[in-house]
Structures are given as C-alpha cells and as structure tokens.
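Residue numbers (this note's numbering), protein chains in the order written: chain G, 58 to 216; chain R, 6 to 547; chain Y, 165 to 263.
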C-alpha cells in the first residue's frame with residue numbers, strides 16, 4: 058500500500074510555474090483519500106479518476122496534480138478543464154510524462170504548473186508555451202485570462 | 006468555397022515553421038524517431054512501405070483549380086509524378102523525402118492547404134457529400150458546418166491525445182452519399198418545423214469491428230452544434246478504452262455502454278458545456294456560410310443530345326442531378342479499366358484544374374469512392390467536357406458499377422497490409438469490361454481492403470473483399486450485402502476464403518447468380534437482400 | 165539467414181545492410197547472425213538508418229537474396245502494380261519473384 062507521503066511531486070520537481078502564491082509543501086493524497094479526509098488540501102488525480110468527485114471540496118484544495126503516466130493518455134486534459142470550469146482556482150499541476158510538445162495544450166486546458174519526469178530544455182519550453190498566437194476554440198485559458206478566440210476576434214465579440 | 010483570412014493563414018504558416026524546425030532537429034539527431042514520430046504524424050507524414058508518405062488534407066473534399074494545380078505540381082516536383090485520392094477525400098503521395106517535407110508543406114500553405122491532423126489520435130479530416138451545394142435533394146449545403154467543425158477541431162487542446170483517431174462526417178440530405186453512418190460522429194442537417202438542426206449519430210466505423218452509428222440526438226439546434234460535438238468528444242476522451250488499441254474507437258465505447266447510457270452522459274456534459282460558452286458566436290457561422298453561396302448560374306438548355314451512344318452512356322452513369330435544371334454534377338472517373346483506382350498523374354491533376362476553371366466555376370470535389378467531381382456543369386457544356394475527359398483517359402462511364410472499384414493501396418504500398426488489393430481491382434475491372442457484363446450488372450459497389458483495418462471500406466460493399474495472410478500467402482475473403490448509403494448495412498462473409506484466381510471466379514459466380522435471379526429493377530444488393538446468403542453460398546461452395 | 169532492413173532517414177528509401185553500408189539492393193544483404201541488435205543500435209544511433217529491423221531470408225541458388233515475407237519482397241522491389249517505379253523495371257520475372 059502506498060503511503061500518502063510517497064505520493065506526488067515536491068515543489069522541487071516543479072520546473073515551470075505560472076503562479077505567485079506559496080507552493081504546497083507536502084504530498085498530495087489520492088482522490089479516494091481526499092473524499093475521506095476533510096483536511097486534505099493537495100490531491101493527485103490519476104487518468105481513471107473522475108475529477109468531478111472533487112467539486113464539492115474545491116474551495117479547500119490548494120493543489121491538484123494530474124498524472125500523465127504516458128503522454129499519449131490524454132484524459133488529464135479533460136480533468137483539468139473540468140476543474141477550471143467548476144471554478145477551481147488553486148494550483149493545477151501536470152506531472153509525469155510531460156514533454157515539450159504537450160506544454161501549450163496543457164496550458165490552454167488550465168494547467169499552471171508543470172513537473173515533468175525528465176527535465177525539459179528551458180528555451181524549448183519557452184517557445185512551446187508561446188506556440189499559439191491565436192486559438193480557434195474556447196478552453197480554460199480563454200475563460201480564465203479573457204483571451205479571445207479567433208472567432209471572437211473576427212466578430213468583436215466575447216472575452 | 007471557404008477562403009483563409011489572416012488568422013487561418015497565420016496558423017498554417019506557423020505550423021510549417023514549427024515542422025521545419027522539428028524535421029531539422031530529427032535530421033541532426035536532436036530528436037529520436039520515437040520523439041519525432043508523433044510530431045510528424047500530426048502533419049500527416051507516415052513512414053510507409055517504400056518511403057515517407059504524405060497525406061494532404063482536402064477539407065470535406067472541396068478544392069479549387071489553384072489547389073489542384075499545386076497538388077499536380079507537388080506530384081511532379083517532389084514525388085514520382087502521381088498522387089492517390091483516398092477514401093476520406095484526401096490525397097496521398099507515396100515517395101516523399103523527409104528533407105523535402107517542410108518545403109512541400111510551405112508550398113501547400115501558399116494555396117491554403119496543409120497536412121494537419123491527417124494522422125494521429127486526434128480529430129481527422131471532416132468529410133462531406135461530394136455533391137454538396139449542388140445536389141437537388143439537400144436541406145442546405147452542409148459544408149459551412151463542416152468548416153465550422155474543422156476550425157473547432159484544429160489543434161483542440163483537450164482532444165489531441167484521444168484513445169484513437171476520430172472521423173466526423175456532415176451531410177444534409179436523406180440520401181447518404183458520404184457513408185455518414187459509418188463514422189465516429191455522423192451529422193445530418195435536417196429541418197423540423199422549418200427550423201434547421203443537426204441529427205447526431207455516434208459510434209459508427211469500419212476497421213476490425215464494423216458498426217453502424219446509432220442516433221444519439223435527433224435535433225441539435227445549429228447554434229449548439231459545436232457544444233454538442235464537444236460533449237460527445239469529452240465523454241469519449243474520458244471514457245474511451247486505452248488498454249487495447251483495437252478496442253479504443255468510440256464505437257466500442259458506445260457499444261459497451263449502450264447507446265442510451267452514452268447519450269445520457271453526453272446530454273449531461275452538453276448541459277454543463279452550454280454554460281461554459283463554448284459555442285462560437287453565431288455570426289461566425291454566418292460569415293462562413295457566405296463563402297458557400299451559389300455561383301452565378303446561367304439559364305440554358307435543360308436537355309441533352311444523346312445521339313452519340315458513348316456520350317449517352319457516360320451521361321447516364323457519370324452525371325448527377327443538380328438543383329438548377331440547366332446544370333448537372335459530372336464525375337471524373339479515376340477508374341479506367343485495368344487502372345489503379347484513385348491514382349492521378351500530375352498532368353491529369355492540372356487538366357482537372359483547367360476543366361474546373363472552364364466548366365465548373367473553378368470548383369472540384371474529391372469523392373470517398375476515389376473519383377473526382379465537377380459539381381456545377383452546364384448541360385450544354387457536357388459534350389465538350391466529355392470529349393476532353395475521354396481523350397485524357399478520365400472518361401470511363403462506370404460510376405457505381407462493378408468497374409468503379411474502391412481499393413485501398415494494399416500490400417503494394419501499405420505496411421499494414423496482408424495482401425495486395427490493386428491487382429485484384431485491375432483484373433476484375435478488365436474481366437467484366439471484356440465480357441460486357443458491367444453494363445448489365447448496373448449499380449454494384451465492390452470494395453477491396455488489403456487488411457482488416459478496412460480502409461477500402463469492404464464492410465460496406467455490395468460485394469466486399471478482404472485480403473488476409475494465410476500461411477504466408479495472400480488469401481481473400483468474400484462478403485456480400487453491405488451498403489454505405491442511407492440503407493446502411495454491413496456485409497456478411499460468405500465462407501472460406503479464396504486465392505486471387507479463386508476470388509475473381511467467386512465474384513463471377515455471385516454476379517451470374519444475380520443476373521439469373523433478379524427481378525425487374527433490382528440491384529445486386531436488392532436481390533441479395535431478397536434471397537439471403539444461402540443461394541450465393543451454394544453457388545460458391547457447391 | 166538473418167538480414168537487416170530499414171529506411172534511409174533522409175529519403176525514406178528502403179535499404180539493406182551489406183556489412184559495411186546500407187544498400188538499396190536486397191541481393192547485397194548479408195547474414196548478420198546474432199549481431200543484429202548490436203549493428204542496428206549502432207547504425208540507428210549514427211543516423212545511417214531509420215527504424216531498422218531484422219528479417220529472415222534465404223540466399224537462392226542464383227545468388228539472389230529472398231526475404232521470407234512477401235511484404236519485405238514488395239519493399240525490396242517496389243509496387244508490383246507499377247513496374248516502372250520498381251528497382252527492376254525491365255525484368256519480366258521480377259513480379260514472380262515477389263509473389
């Protein structure tokens with residue numbers, strides 16, 4: 058059985074972070090544990106977890122880690138957007154098999170912190186985060202930052 | 006047709022620059038093949054049997070003469086003088102060099118084309134009716150909706166790592182000319198009480214386990230089209246199987262949950278997404294629709310001079326009724342008897358471009374049956390058009406006949422294949438042309454796949470042939486009774502397989518049985534449905 | 165015998181290991197015995213080949229090398245339906261050899 062302290066990433070594992078607040082300095086618990094422990098404020102979501110189970114407790118959670126065991130498993134992108142759509146404002150961290158080419162999509166889905174298994178090249182990452190000068194579709198970034206989609210810009214609409 | 010604005014152009018240009026950098030890093034060894042593979046697949050570049058293969062997107066099968074000319078030039082400049090039109094309305098080049106790939110993409114970008122998302126576990130090219138905007142039986146032109154969905158699906162951040170590939174089709178008529186029910190999502194634009202809306206069918210597909218998509222919603226208002234599609238995709242991304250590559254398509258999810266439960270989950274997600282403002286402003290649909298208005302049709306003669314019998318046959322087989330009575334849609338056959346289905350030389354592509362400019366308001370369509378359409382041809386221009394097609398070897402009057410065979414590239418080109426499909430198609434079309442049976446058989450859709458991935462759509466063939474590997478040798482299974490049209494059905498295997506000579510004999514036997522047993526006006530598929538499999542089995546196996 | 169095949173990284177062309185370099189001619193392929201993994205790793209790392217793999221083949225009486233599987237024979241020759249694009253456009257026996 059995995060102890061809660063074995064779990065999750067430490068602040069040192071975070072290579073990129075787009076937040077100013079204090080980092081959570083203890084380990085995350087599983088979703089199952091979080092539902093039991095009323096004081097858990099850091100949770101780790103695995104691909105098969107239902108992120109919506111956390112919705113009743115979002116205001117007490119400061120960190121959600123979403124695990125990508127393989128970069129090809131895209132379930133975490135949906136989990137991230139779902140949490141942001143539910144109003145989650147805490148840190149949303151992508152962990153695991155996170156490579157350069159996923160960074161921009163992850164950012165668009167609401168991730169603001171990244172703890173890849175393998176350290177990424179800083180220059181490549183900077184370029185990757187700047188990939189989308191414009192975007193076609195609504196996602197967490199358009200809702201959170203007031204970024205407008207191409208369609209909205211075409212018609213002087215939205216933000 | 007749709008034209009890029011500066012946002013669309015900038016998007017495509019940026020992707021070319023990105024890919025150029027990725028290819029350079031691969032050639033310099035800064036990226037391994039494992040790292041590079043998903044990147045090149047996102048730009049449609051496969052490593053295939055003989056070389057790199059590039060699949061260029063032709064959105065909902067629509068292109069203009071400038072684009073078709075470029076496709077021909079690319080064939081000559083970078084490939085071996087030809088390209089192959091596919092069963093998803095795209096084009097493939099078989100002899101591409103990695104060192105040229107970025108230049109090809111750059112050339113394509115100058116004519117508003119690309120190879121984005123033609124591969125990989127993402128949303129692929131959105132297909133449509135090849136007679137869209139011309140057919141007499143449409144509720145509306147479905148292509149504006151296809152274009153809206155194309156933009157929505159391009160670089161979608163949530164749906165770029167799906168369990169498997171995802172194929173969407175949009176039509177707008179009762180007749181299904183695009184195999185809509187055999188797509189992951191099939192959309193039919195309908196009218197209810199004077200209001201247009203979208204019927205959603207989800208969970209169709211061919212491949213190893215063919216399934217017909219059940220209806221998930223009968224009417225989605227058009228100002229919720231994108232939101233509903235997003236709901237369907239999100240449920241799939243969250244719950245589609247990821248443990249087994251062969252069970253990862255949405256059809257398996259819908260089948261395992263049951264259509265009712267899948268629908269319930271979609272409706273729940275849809276209700277949630279409505280509040281998230283996912284839908285583009287309605288003005289965007291209006292803006293796109295403006296690109297799909299009717300060309301300036303002229304009045305003119307509505308009847309055809311049928312005195313030339315060869316011309317008359319071509320008109321009967323290869324033209325389709327148009328919504329304007331002085332026009333027809335004309336099919337350019339890429340199925341010359343004994344030829345390679347769907348292939349066209351650079352020269353032929355440039356000719357088709359010229360013909361489109363002269364005869365069809367500069368518009369061309371690619372059919373999923375691997376032929377090409379000039380959608381708006383004046384009836385009085387038909388003789389002149391036909392003469393040029395005939396001379397160029399593009400005038401075979403065989404649309405929807407047994408010579409109009411759909412064949413995947415097969416073992417001659419594809420590393421997934423178990424058997425060759427093209428030589429079979431060549432021999433069958435030659436045989437039936439020689440015996441004169443093609444004409445007598447009438448509508449007969451024969452489809453050949455070289456492996457179980459079913460890119461030749463054999464499950465939907467009136468006669469389907471599947472190539473398999475039998476103890477290291479090519480072997481062929483015969484199936485009967487499939488249909489991709491609105492009377493959609495999946496073909497059934499007749500029994501034990503045959504070698505190449507044997508399967509050609511088998512096709513002869515089943516068509517002979519049809520000719521002997523048919524009643525008036527029955528097509529092969531109708532006779533099969535009336536008689537059932539038994540008489541055909543009897544004829545084949547004794 | 166065991167021979168190695170792959171694609172040229174730059175051009176995508178089908179190539180065969182001759183013991184010294186990667187040739188487009190399957191007849192120049194050599195038996196690598198049990199050194200397949202070692203050779204492939206080195207050649208791929210040096211980018212002299214892309215995605216190599218080992219296959220079974222036989223050396224025929226006339227000296228030709230015949231890959232065991234029809235797929236690799238198609239790779240060796242070219243598409244059977246376009247003799248003009250194969251490595252032996254003038255050879256009427258080439259198609260029989262593939263099948």
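Backbone N, C-alpha and C fix where the C-beta goes; we use that ideal spot for every residue, glycine too.
- Nearest Cα to residue 212 of chain Y within the set Y:169, Y:250, Y:224: Y:169.
- Counting only runs that start and end inside the stretch 202-248 of chain R, the alpha helix (DSSP H) elements of at least 4 residues fall at 230-244.
- By the CB criterion at 9 angstroms, residue 128 of chain R and residue 238 of chain R fall inside the cutoff.
- With 16 or more other Cβ atoms from the protein chains shown falling within 10 Å of its own Cβ, residue 384 of chain R counts as buried.
- At a cut-off of 9 angstroms between beta carbons, residue 125 of chain R makes no contact with chain Y.
- For the pair residue 78 of chain R and residue 364 of chain R, the Cα-to-Cα distance works out to about 21 angstroms.
- Two segments are said to touch when three or more pairs of C-beta atoms, one from each, lie closer than 8 angstroms; by this definition the stretch 160-176 of chain R touches the stretch 118-132 of chain R.
- Note on geometry: alpha-carbon atoms of residue 189 of chain R and residue 463 of chain R lie some 17 angstroms from one another.
- In this structure, residue 412 of chain R and residue 344 of chain R do not form a Cβ contact; the two beta carbons are roughly 11 angstroms apart against a cut-off of 8 angstroms.
- Contact annotation: residue 120 of chain G and residue 147 of chain G have beta-carbon atoms nearer than 9 angstroms.
- In the DSSP assignment, residue 58 of chain R forms a beta bridge with R:51.
- About 6 angstroms separates the beta carbon of residue 316 of chain R from that of residue 388 of chain R, a gap short enough to meet the 8 angstroms contact definition.
- Taking a Cβ-Cβ threshold of 9 angstroms, the residues of chain Y close to residue 54 of chain R are 178, 235, 238, 239, 243, in chain order.
- Taking residue 458 of chain R as the centre and dropping the five residues before and after it, the same chain places the C-beta of 212, 421 closer than 7 angstroms to its C-beta, in chain order.
- Inter-residue distance for residue 27 of chain R and residue 52 of chain R is about 16 angstroms (C-alpha atoms, whole angstroms).
- Residue R:324 holds the alpha-carbon nearest to the alpha-carbon of residue 141 of chain R among R:414, R:392, R:267, R:324.
- When 8 angstroms is used as the limit between beta carbons, residue 215 of chain Y is near these residues of chain R: 38, 52, in chain order.
- Between the C-alpha atoms of residue 205 of chain G and residue 167 of chain G there is a straight-line separation of about 15 angstroms.
- The secondary-structure analysis by DSSP pairs residue 497 of chain R across a beta bridge with R:485.
- Within chain Y, the residues 232, 233, 234 have their CB atoms less than 9 angstroms from the CB of residue 477 of chain R, given in chain order.
- Distances from the alpha-carbon of residue 44 of chain R to those of R:113, R:12, R:120 put R:120 closest.
- Note on geometry: alpha-carbon atoms of residue 285 of chain R and residue 437 of chain R lie some 52 angstroms from one another.
- When secondary structure is reduced to three states using DSSP, residue 307 of chain R falls in the coil class, being assigned neither helix nor strand.
- A Cβ-Cβ distance of about 17 angstroms is found for the pair residue 86 of chain G and residue 172 of chain G, leaving them out of contact under the 8 angstroms criterion.
- Annotation for residue 528 of chain R: 447, 448, 449, 467 place their beta carbon closer than 8 angstroms to its own, counting only its chain and skipping 5 residues before and after.
- Chain R places no beta carbon closer than 9 angstroms to that of residue 71 of chain G, leaving this residue out of the contacts.
- Among the residues facing chain G, residue 271 of chain R is not included, as its CB has no counterpart in that chain under 9 angstroms away.
- Boundaries of the alpha helix (DSSP H) around residue 512 of chain R: 505-522.
- Residues of the same chain with a CB within less than 7 angstroms of the CB of residue 226 of chain R, apart from the 5 flanking positions on each side, are 202 in chain order.
- Linking residue 309 of chain R to residue 390 of chain R through their CA atoms gives a straight-line distance of about 13 angstroms.
- At least one C-beta of chain Y is nearer than 9 angstroms to the C-beta of residue 102 of chain R.
- Interface annotation for the stretch 280-305 of chain R against chain G: 281, 282, 283, 285, 286, 288, 289, 292, criterion Cβ-Cβ distance under 7 angstroms.
- Distance from the CA of residue 222 of chain Y to the CA of residue 186 of chain Y, rounded to the nearest whole angstrom, comes to 19 angstroms.
- It is roughly 50 angstroms from the alpha-carbon of residue 533 of chain R to the alpha-carbon of residue 21 of chain R.
- Listed by position along chain Y, the residues whose Cβ is nearer than 7 angstroms to that of residue 425 of chain R are 244.
- For residue 133 of chain G, no beta strand (DSSP E) segment is defined; the enclosing uninterrupted segment is the alpha helix (DSSP H) at 132-142.
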